[in-house]
Each structure stands twice: as structure tokens, then as C-alpha cells.
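Protein chains in written order, with UniProt numbering: chain A, 1 to 242; chain B, 1 to 242; chain C, 1 to 242; chain D, 1 to 242.
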């Protein structure tokens, strides 16, 4: 029942993502059929640089929908139910999450917030409490099973599990949804845990498809100023005048 | 810090919902403009019965999208974070939820599962544990504030709050999304808490717009058989043969 | 078979929209239950000004989701199929459109682009062509009916109808989707016809819910600069430096 | 300016689609982390048959969301604007369509409905009309350019283009959206053109991921009866009793 740590794996992404985004953009303005151009794209007849330049130009003009054709699928562990409750509020995405109704949590792991980890007194209090939770979960599961609740015992016992309880989730988002996710969650004002997740996801996206994700991140990185206003800004960029 | 109970209030819904659904359906098949028909609809020139009959006929033929034009907004309290985590997985909807980052939870209320409430030993264990949670939350919040975490103390302390912790949420869904929600969540296989919520929401919808919601509910109510299969059926309807 | 003109009617909107948006925002930050506050809101105990100020403050800080709880339903006529094909690309919305498969188009009306209307030679050519379309539609429908195609004759004959052919559509969008729609379609770079529609819809929204729609419109109106870049800007606002 | 014919190319799909769907399903019920299982899946340690059996079992129990993690991207040509206007009504999808504002249509191709092709008189009338359209388009474009409308001439001239005018579009849908698309559009009641597209897309999906798409198609194929009712059924399956 130890504290856990964030782990993000990129399970899959749409193959040839730059070529696909390029082809989708081209179809909008081009008299021919991109399926005819596709084999030449895969054969490298149009250079990656040229594709990237075209894509960057159209995106910067505000036409972003073609990046939706490319999706990324991540497997995430070492995150809390507090995080996933926030995460699944992003509606243009697909989720498959470990179920507390079906998976036994008798020896659940938990997320330890850094601010608590840094203060020995807080950390001790937190760890002491997590042991109390595990006791309560096991006790309740036992009592419920003894009283004939069968496989539903987990379903009721889990009401004692903390927001901190570790969960695992598979997440698929397309590039446009990812841009939106990063705008909100890479911001210094985002809650620390989901921000750490967003930063890791962005790093994986940048590694895989740098030509598209170069401008992704908190809103300020793209705008050059902070839209959160003077009261809330982290100070990295000057706030927008109003 | 007592156990709480489910409360659902219908804050708002699209006015003249039957007439609006009727008008939207008519626009699909009608040569004229429904805005010209609208004042006559509001004046009652086409009877409610006739509108209902037309709407029921088109819905039963599989053309359901016009019911999307009508939305319902509910305010919900007395539900757990376990419930809202399931609820917000319904993506064609809008949510505004009480934030554990901003609202102090020192004397949080909690949901008591009926199966636990029925067993005195389980109930005592559960209540004892909830008092431990409140202690842990307050202790951690104190320590964090003492150590300069300020308004962020709540954000970290809430990691100890249980899935059972009460939350409040405002939910808007259109009728089509509500039909889908009821199909899944009014089923006897749905988890008890979200099923209780779905039943209350359905009762409010039926009271407000009976002509449309008469066929809403668990899938079996409409199909006349149970699509969950022989292994999972509750027995109310015979399972589908396969 | 004359040229038609744009008509937009606001059929319905969520009642008490400012109070509902205010209540949804308050639920996020408030320890109590907004359903308890709701009767007092309806009774005017919190002034419209105070509600508007609160709502404007939260929106400007970037928290906009609560405006989704309010929806507007418009009936639109005098628009072309070219327009509705663009319109229905806005996916967070509900549509009920007049069907060319079911509604006879023998004497269809059509949209006359202003640039064509302004040039007598172009206008004459356009009108001459529209008469040719009507002839072709009727001829084909006759031939198909004579050859036993029955009610499907309309379905095939409509292939000759022009993009200009008038259509009617019922559209529901929530406020957040409307903001997005206006950002793109009230811009001077938008195509003239959908821009005219967007301008009319915005005027109706502003009349109904001025407190929320005061900042809606093309992106530049909110930003104070033009994000389309030096090459595409209409010049109303200075382009963003890059 | 000849009649065109439908062409559908599968540009891309999520790699290892069966393994990904299997992994996402497993994450819901499994105590471990699917990222740890992933290399073993790719190495073939769990047979395709076993994966398929597990996936089929969970889908048939009504739990379908994990198939959303896999997307397919098609390039489509030889279809009419009538078709794409229907197609883009499917909102859980991404589209990049050839623009009539930017692409010159002076020698546009067009879709010829089979019912018209089969009747020589109808075919001749149709072809005669298409030549009239091309004349009108070129005349109007010329007049508008002569009168200083510049690159906007295409934008206005296209109002004369018929619903039959060929367009090209890149479409991405996830498997769950594809199932829904096939349910509606592979039905004998669907309009012939979009049904032909749906049939081709389904054939490509079945070839690529047979384990998942085996049960996809018109609703009747899965239900074993026709839900369209006695009045509308094509007769392939008996209508549902009501």
C-alpha cells in the first residue's frame, strides 16, 4: 500500500501522422483526390519539411480541424481518482478506466501530494490515515461478504476509498482535443497532479509529432501573454491588458 | 457531518417542449416554415394529443434527433463523488460541480450505501471511519496552512476525502441524451446510487413532458425483452434469444 | 420561384437564462445547494446587475462552461443548402432540416448572392439559369414517376437542385457553442451568407441575454486585435504581432 | 465533365487495433496496468482468438465504449454534395472537405443516380442539364471576375452548382461511431448513395478488423428482426412485433 508515482505510456497513435494531417489539409484546397497523392506522400516525394511548413501555415491562419484526424492513445497509472474525475470532464475523448466495482482495493496504492510529502508531520499524518482507510475497506468488505452481499461487497466498500486512491485509465484524444487539454492543464494555475500528467502527455506528443505539437502547451506559450489576468497570472508572461 | 440523502430539483427546461419537438419534426417534412406555424402552436390550434401522436409516430420509426432541441437542467445534491465520476462520463451533457479545491470540507456530509445502512455492524464501522476522515482532513489542512500553503491547503487535504463525500452538481442534458442516460442507468444492473438518481430524473421528465418520456427508461421497458443476456438479466423481462 | 431572403426567428430559449448561468457558476464555488438559492434568485433578491457582474468576472477569468446550461433554438429560412452544409459542420448543436427527399421542390426559391444581384448582367444570367433548373427538376421528376419510381422520384430529381436552393432548418446551440459559432462566422473573412445568419443570431442573443453575449462576436472584438494575421485581416483591428 | 463513380480509400487506422481494444477492455476489470501487458500482447503471447473472444463477450454484454480507442480514416471521392451534407450530420467524426470556395469547378464532375442512368430519356435530360450548369458557372465566374470580384468569383458562382456536383472528403470515425453510422446507413431504407458509401466503408473495416466489425451493419443484422416497423421494412428480416 505505498505511495505511487505517475506513469504514462503511449500505446498507439495514428500512423504517418504528419502525412495524414498534410493530406487532410490539402484535400480542402486541392482539385484532385488525396488518395492519389497518398502513396507519393508515404514514399517521401514531398519532404517532411515542406509538409510541416504547409501545416504550420494553415494552423496559424486559424484552420485547425484537419489535425483531428490523428489520435493518440495513452495508458496512465499512478494517478488519483481526483485526477481522473477532472480528466473525464474533457468530453471530446474516449476513456476506459479501472473499475472500483470490479477490482479489489484491499491493498490500494495512493497518490501523495508533493506539498504533503515535503512536510514530515503532514506526510506521517497522511500515511497513518491511508492505513486507516485500508482497514476500513477490508473490514467493511468482510462484514458485507459475511452478510451475503457477495461480489457486490466491493461496490459498497469502495465508498471509503479516498480521492487519493490510485486508478488506471486508457485515454484517447485527437490532436485538436489534445491542444485544448494542454491549453488548460499545462497552465501554472492548473492543479499540480493533472498538470504533471499533461506535461508528460505533451512531451510524448512532441516526441512523436513535433511538427504539429510545437505550438501546443499552456495558452500563454502561444499568445506570448497571460490571459488569466493580473490577479491570477503566474508571472511567466505579462498579463493581457484589459 | 451526517449521512445525506439524494435531492434532485428541476431548475429549468426549454419552454413549450412538446410544441418545440413537434415543430422541429414538422420542419423536416413540411414545405413551409415552422416559424409561421409557431404562434398557432402556442395558441393551441393543434391539440396536444395530435402533437403527441405525431411525435410518437416519428420517434417509433427511428427518427429521434428532433427531441434534442429540448433540454432539462437539474440541480443534484446528496450524491457521492463516486456517483458524479460515473455521471460525467456521459459526454453529451453540461456540468457545473462543486469544487473540492475551493469549498472547505471540514464538516463534509457523506452518502451511506443502503446495504451498509441495513447491517448495524457495517453502519457503525462506516460512521466511525467517516469521523476519522474528518479528523484527517482538518489535521492536514491545519498543518498545510501552518506551513504556508494558504488557500491551496484545501486542494491538498481533499485527497483524503472518501468517494462517499457528498457533492453537488448542476446537470443539463437534452432529451435524446436523457433517453440514453435512462437506458443505461435505470437498468437493474446499474449501480444503486446512480440508478436512484436516474429514477428521480426520469420521474421529473415524465411529469414535465409525458408525451416524449413515456417510452424512456431501461432498455427492456421499450424492447419488451432484456438485452443483458441470460447471465446478467434481473428477470423482469425475458432475455433476448441469441 | 423568386429569390428569397434570410429570416431568423428565436423559437425558444432556456427560461431565466441569467439566473441559471449565475446559479451554475455559484454551485462550483459555494458550500450550499443552488436549488435552495434558486427561489430567491427568481424572486429578484440578488439583483440582475450583481449576477451579471459575477458572471462577467468568472467568464473573463477563463471559466466558461456554466454558460452551456442555457440553449437557444432558432428557426431559419431563406438560406441556401451551401449555407446549411457549412452550418451543420458545427457539431455541438442540434439540427432539424427540411428534407429534399420528402418535400417537393418543383417551385423552389433560391438565394441570390449580393455580388450577383449588384451586376445586372450577372443577375439576368443567374435568374435564367434558375428557370432552367426548375425545368430540369420537373422534367426528371415526371420521367421518373412515369417510369414507376413513385415517391422516390423527388429523391433522385433533387440532384439537379443548386447549392442556392432555399432550405429551412431548426437549430439549437448552447451559449458556449454560440460563442464559438460567432467567433468564426461573424468574422469579416467568413462567407457572406453564413455571416449574415450569424449576425442575426447574435442580435437575437444580445437582445435576450445581453449580460452574457456582450463579449460575443468575431474573435477580434474580444481580443482587441486580429488573429487572422497581416495577410488576411480585414483591417478593423490591428493584426497580432508574431 | 463526365459522371463520376464512388471511390473509398482507407488512408489510415489505429495500429494493432484488436490488441488496443482488448487492452482497453482489460484495463476496466484488471488489477494491473495494461501498459505492462502491452508488449506481451504485441508479441502475440495472447492469441488473436482469445482476444477476439473476450472482446466479443464484453461487447455483447452492452459494454462498447472501449472500441472508441480505434479510429479509421477514409478518403472519399465520387460522391455528391447531397451525400456529404448527410454525412457531416454524423457529429462524432472529423471531416476535411474540398472547398467550393477555393477550388475551381468549371469542369466539375457529377454523380449520376442509378435510377436516372437506367432510363435513357432521364439520362439524356440529366446530362443536358449538367452541361447547362457548367455554362452558367463559367459565365457567372467570368462576369464576376470582369466586374472585379477576383478570387471571390468562385465563391458566388458555386451557388449554381447542383447537389450532384462531385466532392471529395477525408473522414475519420472511431469504431463506435462507425457502428452507429452503419446501423443507420447500411439499412435498405437509407438513401442509395450514402448506403453505397457505408457498404464500402464497412467492407474495408471488416477486412481490417474482422473481430470487431463482424456484428456491424444495419440494425436488423444484429437484432434478427427489422426495427423499422411493418410499414417501412424491406422484408429481409421480419418486423418487430409491437
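Beta carbons are placed, not taken as given, at the ideal position from N, Cα and C, and that holds for glycine.
| Query | Result |
| --- | --- |
| CB contact below 8 Å: residue 178/C versus chain D | no |
| Chain A contacts from the segment 199–212 of chain C (Cβ-Cβ distance under 9 Å) | none |
| Of the listed residues 127/C, 107/C, 108/C, nearest to residue 116/C (C-alpha basis) | 127/C |
| Contact list for the segment 117–134 of chain A against chain B, Cβ threshold 9 Å | 118, 119, 121, 122, 125, 126, 128, 129, 130, 132, 133 |
| Within chain A, the residues that residue 139/B reaches when beta carbons sit closer than 8 Å | 125 |
| Contacts that residue 104/D makes with chain A (C-beta to C-beta distance below 9 Å) | 31 |
| Every unbroken alpha helix (DSSP H) within the segment 69–125 of chain A, with a cutoff of 4 residues, ordered by chain | 81–87, 114–117 |
| Beta-carbon neighbours of residue 4/B, restricted to chain C and to distances below 8 Å | Neighbours of residue 4/B on chain C: none; closest Cβ ~10 Å, over 8 Å. |
| Same chain, Cβ closer than 7 Å to residue 181/D, five either side skipped, listed in chain order | 90, 173, 198 |
| Any C-beta of chain C under 8 Å from that of residue 108/A | no |
| Beta carbon of residue 218/C nearer than 8 Å to that of residue 166/C | no |
| Beta carbon of residue 100/B nearer than 8 Å to that of residue 27/C | no |
| Beta-carbon neighbours of residue 144/A, restricted to chain B and to distances below 8 Å | 115, 116, 119, 122 |
| Three CB pairs or more closer than 8 Å across the segment 52–59 of chain B and the segment 134–145 of chain B | no |
| Status (buried if at least 16 other CB within 10 Å, exposed otherwise) for residue 130/A | buried |
| Burial state of residue 110/C, where buried means 16 or more other Cβ atoms lie within 10 Å | buried |
| Supposed contact pair residue 63/D and residue 14/D - C-beta distance, whole angstroms, cut 8 Å | 19 Å between Cβ atoms; not a contact. |
| Short CB-CB distance (under 8 Å) between residue 51/B and chain C | no |
| Spatial neighbours of residue 242/B in its chain, beta-carbon cut-off 6 Å, leaving aside the 5 residues before and after | Reliability of the predicted coordinates at residue 242/B is poor, the pLDDT of 47 falling under 50, and the value obtained from them is presented with this limitation in mind. For residue 242/B, where only same-chain residues beyond five positions count, there are no Cβ hits under 6 Å. |
| The segment 56–67 of chain A: positions lying closer than 8 Å to chain C by Cβ | 60, 61, 62 |
| Amino acids of chain C, ordered along the chain, whose beta-carbon sits closer than 9 Å to that of residue 14/B | 12, 13, 14, 15, 71, 73, 172 |
| Interface flag, residue 152/B vs chain A, CB-CB below 8 Å | yes |
| Spatial distance of residue 141/A from residue 157/A (CA atoms) | 6 Å |
| Stretch pair the segment 43–50 of chain C + the segment 223–232 of chain A: three plus CB contacts closer than 8 Å | no |
| Backbone secondary structure at residue 10/D - three-state DSSP | strand |
| Cβ contact (3+ pairs, closer than 8 Å) linking the segment 1–10 of chain C and the segment 73–83 of chain C | yes |
| Residue-level contact to chain B via CB, residue 20/C, 8 Å cutoff | yes |
| Minimum C-alpha distance to residue 291/A - residue among 16/D, 11/D, 17/D, 163/D | Nothing about residue 291/A can be read from this structure; chain A reaches only from 1 to 242. |
| Rounded separation between residue 149/B and residue 103/A - CA only | 35 Å |
| Through-space distance from residue 86/B to residue 169/A, alpha-carbon basis | 14 Å |
| Cβ shell of residue 93/C (< 7 Å), same chain only, five flanking positions each side left out | 171, 172, 173, 177 |
| Member of 202/C, 187/C, 203/C, 211/C whose CA lies at the smallest distance from the CA of residue 235/C | 187/C |
| Same chain only: Cβ atoms within 7 Å of residue 222/C, ignoring 5 sequence neighbours per side | 215 |
| Residue 20/D versus 71/D, 61/D, 60/D, 95/D, residue with shortest Cα-Cα distance | 71/D |
| Where residue 49/B falls, given that 16 or more other Cβ within 10 Å makes a residue buried | exposed |
| CB contact flag (residue 162/D, residue 88/C, <8 Å) | no |
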